[in-house]
Structures are given as C-alpha cells and as structure tokens.
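Chemist:
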Amino acid sequence: MAEYLISDEVAKTIESRGLKVDDIKKVIEAAEAAKDKITNGSKCIAKKTLGDVVVYADYSAEGGKIRINSGYAHKMKLQDIVMDTADTEWKYVKTGAKIRKGHTNLSYMGATRSAPSLVDPASGESWIEEYLAAKTLAVAEMLFSQKRA
Amino acid sequence: MGYEELFPKNDLSGWHANAAKRFASPFVDNFHDRIDVDPIILSNAAVNCGFTIRDFYEKPELGIHCVGYISELYDLLPVTHWFFSLPWVRDLGMTLEYKDTLPPIPTGPILDANGVEKMQPISKADLLTGSTVPLFYDLYGYVQQNLGHTLVPISYGFDLVGAAAEMIGVEEFIMWTFTETDLAHKLVDTYVETSINGAEAMADKFGFAMLIVGSVLANNDIFADEQVEEFSAKKMGYYVDQCFRRGAGPQVFYHLCGNHETDYKVFKKNLLWSPFNVLHIGYQGPKVFPSDLLKKEFQDVTTLMGSVDTKLMINPNPAKVYDQAKESLLAGRDAKKGFILGTSCETPPYTIPGNLLALTRAARDFGTYGTW
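Chain order of the listed sequences is E and X. Quick note on this note's numbering: the first sequence kicks off at 19 and runs consecutively. Quick note on this note's numbering: the second sequence kicks off at 225 and runs consecutively.
#1: At least one CB of chain E closer than 8 Å to the CB of residue 383 of chain X: is that the case?
#2: Report the residues of the region 465-485 of chain X with a CB closer than 7 Å to any CB of chain E, ordered along the chain.
#3: Can you find a CB in chain X that lies within less than 8 Å of the CB of residue 15 of chain E?
#4: Whose C-beta lies closer than 6 Å to the C-beta of residue 601 of chain X among residues of the same chain, with five residues either side of it excluded?
#5: Scan the region 469-501 of chain X and note each continuous beta strand (DSSP E) run of 3 residues or more that stays entirely inside, going in chain order.
#6: Taking the alpha-carbon of residue 378 of chain X as reference, which of X:335, X:311 and X:341 has the nearest alpha-carbon?
#7: Where does residue 527 of chain X sit, in a helix, a strand or coil, going by DSSP?
#8: Taking only beta-carbon atoms, is residue 136 of chain E less than 8 Å away from chain X?
#9: Report yes or no: is there a C-beta of chain X within less than 8 Å of the C-beta of residue 100 of chain E?
#10: Give me the subset of the region 495-515 of chain X whose CB atoms are less than 9 Å from a CB atom of chain E, sorted by chain position.
#11: Using a Cβ-Cβ cut-off of 8 Å, state whether residue 252 of chain X counts as contacting chain E.
#12: Who does residue 437 of chain X pair with in a DSSP beta bridge?
#13: Step through the CB atoms of chain X and report whether any lies within less than 8 Å of the CB of residue 132 of chain E.
#14: Mind listing which residues of the region 112-125 of chain E have their C-beta closer than 9 Å to chain X's C-betas, in chain order?
#15: Residue 19 of chain E by DSSP, collapsed to three states: which one?
#16: Can the beta-carbon of residue 490 of chain X be found closer than 8 Å to that of residue 452 of chain X?
#17: Do three or more CB pairs link the region 450-464 of chain X to the region 407-417 of chain X at distances below 8 Å?
#18: Rounded to whole angstroms, what's the CA-CA distance from residue 270 of chain X to residue 324 of chain X? Just pull it up for me.
#19: May I ask you to report which of helix, strand or coil DSSP gives residue 111 of chain E?
#20: Using a Cβ cut-off of 8 Å (strictly closer), state whether residue 154 of chain E contacts chain X.
#21: Excluding five sequence neighbours on each side, which residues of the same chain lie with their C-beta closer than 8 Å to the C-beta of residue 494 of chain X?
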C-alpha cells in the first residue's frame, strides 16, 4: 500500500470539484498496477472512469511516497482521436510511446464535440489536462446541460 | 432617460424562446427549427432603428440594444454582441477617433522600432482601470440589467495581427515582417498578451467569456501561407490556449476575414478546437469561401459558418442573396458538427432589409431540419 502526501490546499481543491481524495488514490493505484499513466519525468497523469466521470490524478514520487499534486474530472466521455499535431514532453509509460498534442472527440448528452488533449495515436488513448477539464470543459458541460434543456 | 426606454421588450415567449432553441441546435445536436442565420449585424442594427453608425460605436449600450431589438425583426440570433476591430489598442497607448460613417479609427501615436522594443503587455490590474475592460464591464452590466435574455459575455482578441499593425502603421508592419521580423513578432506578441490579460479580466467578472479572434490583415491578399501561419494562426492558437488557462472560453468564434485562398490549410493544426466553436472564412480569392470546402476541411473539429458575399447585401437584388444563400446551405447544412448561414463579414451598415429577409427565407426553404 503506497503512502500518500497531500497538502490541505490540494485536498480542498479536489473536494471543491466534487471528488474525494480516495477517488484520486484509486486512480493512482490502478495506474501504478498497470503502468497506465503518462509522465514528463517529474510527474505523472493517470485517468480512470469512476461511475459517470473520468477522474484524473496528477502525482509525483517523493522520497518513496506519492505526492498528490492535483485531482480533477470531466463528465464528457473520451472517444476517438481527431488529430495529433505536435510532440510533447510526455511519454506513455505503458508502451514508451511519445505523447502528442492533439484533439479528441468527447461525447456528452448525445452530442460529440472535440477538445484539445494529449494523445497517443498508436493506442488511441487520450488525456485531458487539468486547466481544460477544470475550466473549459466544466463550463462546456454546464452549457450543454442548459442548451439541451 | 436610459437607452432601454427607447425600445419595446423583445417577444420573450415567442420569438426569443424559439430563437434560443434554434441557436443551441448546431452546438448540441438538438435540432430545432432551421439553420440559424448570423449576418454579423453591427451598426446596421443602429441604422435600422433610426440611429447613425457613429451612434452605434460612440454609445455602446445603445448599439447593443439595437442589435438585440432588431434581431427579432429578421429572426436572427437570440444573443447580442457589440464590438469594433481595435480592442486593447487604447490601453496600449493609441487614441481612437469616432467617425460618422466608420468604426473608430486610430490616430496614433505611431511607434518606431525603439518604441516597439520598449513595449510591454498591459497587466490585468492596469487593464481594469484602462479603456477596454471598463467599457465591456459597463456594456455587459447594461445587458445584464436590460437585455439579460441575450447576454453572452465576450472578450475580443479580434484581429491580433491587424490591431498590432495599426500601432506602427499597416504598410510599415508588412515591411517589418520581411525586414524586422523579430520586432514584428514582438509587436504582435505584446498585443496578444494584453488581449489574454483582458480575457482573464472578463472571465473573472462573468465566470466565463466567449472569445472572438480572427485573421483579417493576415490573409492571402497580403501574405504567403507561411507568414499567415507564423504571424496569425500560431498566435491565435496560443491566444485561445492561454485564455482557456485563465478561465475564458469555452466558446470561440474564429473569423477568417478576407481572402484565405490557400492559407486556410494552416489553421486546422494550429488552432484550439473546443466543444463550442464556430469557424467562419470569408473569401477564397474574389469569391465567397465555398461551404463544401469548409465542410470537407473542418467539419470534424468545429461548427461551421458559411458565407453570402457582403457586397450582395447592398445590391438591390434579393434574389441573388437568396440564390447564394441556397448554395451555401445546400453545401454545408449537413456538416457533422453543425452549420450556420452567415455573410462573409459584418453585414454593411446600409444593408437592404429585403436582402436580410432573403437570408432567412433561404434558411427556411433549405435549412429546415428534417427536410433534407
């Protein structure tokens, strides 16, 4: 069982997003077991679908423990990669593939629209960065709900 | 007396309720009524209400109320906008002069190379007490109070290259892109960073802020594709990315005005495509940008806006407008992420009412969901 480090501020932010710190730990445990995560050398991002949301953990190793840097989520479901445009500093640990900047289709409430993402074209996997999930997609989900009403 | 006392209320339960459902259609696949029509109505709304072009720009609250009111007449969008092409330049030191027949024009001071070297982006704190942010805070405060049903807070980067170029003179800027490339980049980058700070200020106030950003000066009449990519497309992508990071978006209207004959190819990979964006391209050479090409190239990433030539809008021949609108609708209406019928740029101030009717008539005849 890994030992976790998390600041009060990060825990508060995670909770303000309707998530529990335990959710983030679940994401990390699954990612570590399957090496299913991306890393830029100093930190990792992992994702896992919990219920109706895709939950992300942003974390790093710190003296044999795991430091949780952030946790976030989006309700829109990840679909296919629309395009990839440039290399990034990120690597997919599971396959060693270089992660690229791109766009991924996301579906929500019956509609499919694209959003910027980190992608691995070979595996078809996509990851959404925190600023997009917590800001851009959060507002988009709210607008979808309003406009579908 | 406030401007709100000059206008009867919109028909909220009839026209506006239906227009709002229709407006949502292309973004959420909840198809309602017909393809929407957006002739980018600005000072034409003021003229239609008996005011002047100058009134529209000099009295933003009056101008935006005209847009909200007159949209009902032509069954256009249920949301309001008000803008001119040079936001943020006053904050960067330029003065603007209001004119009777034009949007405000810059009157200097024109910077030299030394001035550009010293330029710094204007911080958010300074923008809050500058010209543009207070103008839009006041404007959207008015809309919240008097036209709340039409409110979409918008932050305008608008023409990142063109607005920056005004600060040294457009001809000089074009030369600099060849002879003083680094300085030309610095000039545009300073304008871009200032616009990003402004978008953050708008998002702070309203919770989010739609972004309108375009490539107007940077088009194929003036620049090669490579220059359009370096000076415009990449910076537009950067602008939107940074605005998203600061809480603005997620709605983005990309407006590629002018001739984008071949440079349209550099935009797809450089722009950021959010779940709520619209792409509009005015012309390919001397002709309106074809909706079938727009669809082929961009339908997998964005809602599209097709074009009817703005020149036709002041030509006393509504049938020509109708025919070109029909052509655009037939080519674009089944785009995967939705389609809107527009004009190739702002509809001219003295647009003939019969031509605006021709747009909506064509949308009813060829854009009604479930009939194709």
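Idealized CB from N, CA, C, for every residue including glycine.
Modeler: Reading it off the structure:
#1: no
#2: Residues passing the 7 Å Cβ filter: 468, 469, 471, 473 and 474.
#3: Any answer about residue 15 of chain E is impossible in this case: the structure gives chain E only from 19 up to 167.
#4: Any question about residue 601 of chain X goes unanswered here, given that chain X covers just 225 to 596.
#5: 475-483
#6: X:311
#7: strand
#8: Interface annotation, residue 136 of chain E: not in contact with chain X, CB-CB separation never under 8 Å.
#9: Closer than 8 Å: yes.
#10: 496, 497, 498, 499, 500 and 501
#11: yes
#12: X:382 and X:478
#13: yes
#14: 121, 123 and 124
#15: In the displayed model, residue 19 of chain E falls within coil according to three-state DSSP, outside both helix and strand.
#16: yes
#17: Three or more Cβ pairs closer than 8 Å define a contact, and the region 450-464 of chain X meets that threshold against the region 407-417 of chain X.
#18: 13 Å
#19: Coil.
#20: Yes, residue 154 of chain E counts as interfacial toward chain X.
#21: Closer than 8 Å at Cβ, skipping near neighbours: 453, 457, 458, 460 and 461.
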